[in-house]
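S.K.: Each residue of the sequence shown is one higher than the one before, counting from 1 in UniProt numbering.
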Amino acid sequence: MKQIIISMLLVTVLLTSCSSLFYTADYDIKKVQLGMAKRDILKVMGNDYEMIYMSKGSDNVFVEVMGYRTYVNGGIYKLYLEDNELVQIEKEWLDLHNCHHSTNTSDSNDSSTN
1 MKQIIISMLL VTVLLTSCSS LFYTADYDIK KVQLGMAKRD ILKVMGNDYE MIYMSKGSDN
61 VFVEVMGYRT YVNGGIYKLY LEDNELVQIE KEWLDLHNCH HSTNTSDSND SSTN
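1) By the three-class DSSP mapping on this structure, what secondary structure does L42 have?
2) Does the region 27–47 touch the region 76–96, meaning 3 or more C-beta pairs lie closer than 8 Å?
3) If I follow the unbroken alpha helix (DSSP H) through Y27, where does it start and stop?
4) For M66, which residues does DSSP report across the bridge?
5) What are the partner residues of I4, as DSSP defines its beta bridges?
6) Going along the chain, which residues of its own chain have a beta-carbon closer than 6 Å to the beta-carbon of Y80, five neighbours each way excluded?
7) Output the distance between the C-alpha atoms of V32 and Y53, rounded to the nearest integer angstrom.
8) Quick check: what's the CA-CA separation for R69 versus G35?
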């Protein structure tokens with residue numbers, strides 16, 4: 001009986017500790033609104049984002065694009081900020097199964113083609 005309780009506790013600890021591995025931004029993105037400041041976005045979405053793009057244009061507008069991955073379904077939410085204010089949200093689907101590696105399948109020294 002003691003072993004069953006210890007086993008159940010161990011399974012519970014493992015499942016709860018691994019839950020962060022299955023985090024999906026799909027839940028938190030619903031709380032994000034246009035016009036939010038970056039600090040407010042970070043409070044909702046967290047600090048685990050990808051810096052996709054950053055620049056300061058000739059009009060002195062600071063542009064930043066942050067990316068939050070949705071690990072469950074292979075997408076990324078792109079959050080577009082101008083001068084620290086959220087102006088656009090876009091979800092891009094990533095092709096996780098198609099690697100775009102260029103491979104040469106024909107041999108240029110193949111004598112059978114001559």
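Backbone N, C-alpha and C fix where the C-beta goes; we use that ideal spot for every residue, glycine too.
Keep in mind it's a predicted model, so treat the numbers as computed, not measured.
M.R.: Concretely, from the data shown:
1) helix
2) These segments touch.
3) 25–28
4) M51, L79
5) Paired residues: none, contrary to the question.
6) V65, V87, Q88
7) 19 Å
8) 21 Å
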